[in-house]
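Residue numbering for the sequence shown follows UniProt numbering, starting at 1 and increasing by one per position. We put the beta carbon where it would ideally sit given N, CA and C, even for glycine. Because the structure is a prediction, the values reported are computed rather than measured. The block underneath contains the structure these notes are about, expressed in structure tokens.
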Amino acid sequence: MIGKSTKTLQKWDREGKLVAYRSPQSNRRYYTHDQYLEYRGLKAAAKGQTIVYARVSGVTQKPDLANQLKALETYCQDHQIAVDEWMQDIGSGLNYKRKNFNRIMEMVELGQVKRLIIAHRDRLVRFGFSYFEAFCQQHNCEIVIVNGETLSPEQELCRI
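See below:
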């Protein structure tokens, strides 16, 4: 993950530069996610935020985006969920270069997000949702899917 060889990591462990933990059974070295973040010059957050994320595919769907946000707001109010940040993107669910999508993924990796609320699975990504769901789970982030069919318009479905 950090691009260093096993021998370099062993040397750093001996020198105290990056001290490894040892498995009690095998005495093998291992490193934590916090150590990885520290190596990258980042720090994991102690407390996570609740983020609401909405997305539509194109600019012509801005009214749909407004409806999606309103439905998410209603959901959060009905379930008494305090939202720390509202994020949205206009771009294809196949485009992984969306500004706020990438910001959320980085925040999840840093442990800054405890809950991500989306209207429907395809609002986060069009395909491969299970990968992103597993990624979030590994970083202690729960994805809440409101999953209302009215929040995922038929015209948004992939056309072949």
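- With respect to the 8 angstroms criterion, Ile2 and Tyr36 are classified as neighbours on the basis of their beta carbons.
- Classified as buried, Asp89 has 16 or more neighbouring CB atoms from the shown chains inside 10 Å of its CB.
- When DSSP states are grouped into helix, strand and coil, Ala54 belongs to the strand group.
- The shortest C-alpha to C-alpha distance from Lys70 to any of Gln137, Thr60, Trp86 is the one to Trp86.
- With fewer than 16 other beta carbons inside 10 angstroms of its own, His79 counts as exposed.
- For Asp84, there is no enclosing alpha helix (DSSP H), as DSSP gives it neither H nor E.
- Pairing Thr32 with Phe127, the inter-Cα distance amounts to about 30 angstroms.
- With respect to the C-alpha of Cys76, the residue from Gln10, Val146, Asp122 having the closest C-alpha is Val146.
- Sequence-distant Cβ neighbours of Cys136 in its own chain, meaning closer than 6 angstroms and more than five residues away, are Val108, Ile143.
- Look at Tyr39 here: in three-state DSSP terms it is helix.
- With a cutoff of 8 angstroms on beta-carbon distance, Gly91 and Val125 are scored as not near each other.
- Cys141 places its beta carbon less than 8 angstroms from that of Lys114.
- When beta bridges are read from the DSSP output, Ile117 appears opposite Val52, Val144.
- In this structure Arg123 is buried. Its beta-carbon is surrounded by 16 or more other beta-carbon atoms within 10 angstroms.
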